[in-house]
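The structure appears right after this line, and notes come after that.
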Amino acid sequence: MKQPERASLERFESFMSLKKVAFFDIALIVDVLVFERERVIRQQQEAIRELSTPVLQVRNRMLLLPIIGIIDTLRARLITESLLSSVRQNRAKVVVMDVTGVATIDSKVANHILQTVTAARLMGAEVIVTGLSADVAQSLAAIGIDLSKLNTVGDLQGGMEEAEQILGYRVLQASAVAPTAPLAS
93 MKQPERASLE
103 RFESFMSLKK
113 VAFFDIALIV
123 DVLVFERERV
133 IRQQQEAIRE
143 LSTPVLQVRN
153 RMLLLPIIGI
163 IDTLRARLIT
173 ESLLSSVRQN
183 RAKVVVMDVT
193 GVATIDSKVA
203 NHILQTVTAA
213 RLMGAEVIVT
223 GLSADVAQSL
233 AAIGIDLSKL
243 NTVGDLQGGM
253 EEAEQILGYR
263 VLQASAVAPT
273 APLAS
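Here the working numbering is used: the first residue of the sequence shown is 93, the next is one more, and so on.
Below is the structure:
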């Protein structure tokens, strides 16, 4: 092989080696970026799940769990964990679970909700389910879910009133209560 051809071949081989190193570095950077992006997405999804299942303390020993949106198996599990943790932490005697914002519930999720209600009862809390839409009620009845285990009330206000009765509260209209002292002007 002639000297110029050999030098040219060596330059080409050097170039190819550098090209391989550069592509390896680029691939490594892309992998790191993809991994980091997926990690951020997982964190955001977890934060959204936690925010989408708040358990609110309304009164001493009374909790409200408003559920809005689509409930899949993972979210149903998160709802259960969050609710049972809150029941224990707040020593709740009654929980109002409002499903007004839920369009559909399949049999797996319905069974999971029943298990959640049963677990809460075992922990000493009565669960009142409110806001079942006609469509959800019909679909639950059609798939054979035993709703006799659920304490259901038509709307959130009715559920809150029943929860207050369970706790021994008595709600009176302001006009029915006689003031004990004259009102200051």
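The C-beta atom is built at its ideal place from N, Cα and C for all residues, glycine as well. All values derive from a computational prediction rather than experimental measurement.
Less than 9 Å between the C-beta atoms of V191 and V150, yes or no?
no
Assuming contact is defined by CB atoms lying nearer than 9 Å, are I258 and V194 in contact in what I supplied?
No; because the gap between Cβ atoms is not below 9 Å, this pair is not in contact.
Using the Cβ count rule (16 or more neighbours within 10 Å means buried), how would you classify N243?
buried
Within a Cβ cutoff of 6 Å, which residues of the same chain sit near S199, ignoring the five residues on either side of it in sequence?
I235
If I measure Cβ to Cβ from A226 and keep anything under 8 Å in the same chain, skipping five residues before and after, which residues do I get?
none
Could you check if M108 is buried or exposed, using at least 16 other CB atoms within 10 Å of its CB as the buried criterion?
exposed
I'd like to know whether the C-beta atoms of L176 and A202 end up nearer to each other than 9 Å.
no
Do L155 and V179 have their beta-carbon atoms positioned less than 9 Å apart in this structure?
yes
Measuring alpha carbon to alpha carbon, tell me which of Q181, E218, L157 and N152 ends up nearest I171.
L157
Under the rule that 16 or more other beta-carbon atoms within 10 Å means buried, what is L148, buried or exposed?
exposed
Kindly indicate which three-state DSSP category G50 falls into: helix, strand or coil?
Residue 50 lies beyond the range of the chain shown here (93 to 277); nothing can be said about it.
Alpha carbons only, please: which of R183, S174, T165 and E218 is nearest the one belonging to T145?
Of R183, S174, T165 and E218, the residue nearest in Cα terms is S174.
Check whether the Cβ atoms of T208 and D247 sit closer than 9 Å, and answer yes or no.
no
From the DSSP secondary-structure annotation, give me the bridge partner or partners of T244.
V221
Would you kindly check if the distance between the Cβ of D238 and the Cβ of L206 is under 9 Å?
yes
CA-CA distance, I121 and K112?
14 Å
Assign D238 to one of three DSSP states: helix, strand, or coil.
coil
Check whether the Cβ atoms of R153 and R183 sit closer than 9 Å, and answer yes or no.
A contact, by the Cβ cut-off of 9 Å.
Buried or exposed: which applies to L232, given that a residue is buried once 16 or more other Cβ atoms fall within 10 Å of its Cβ?
buried
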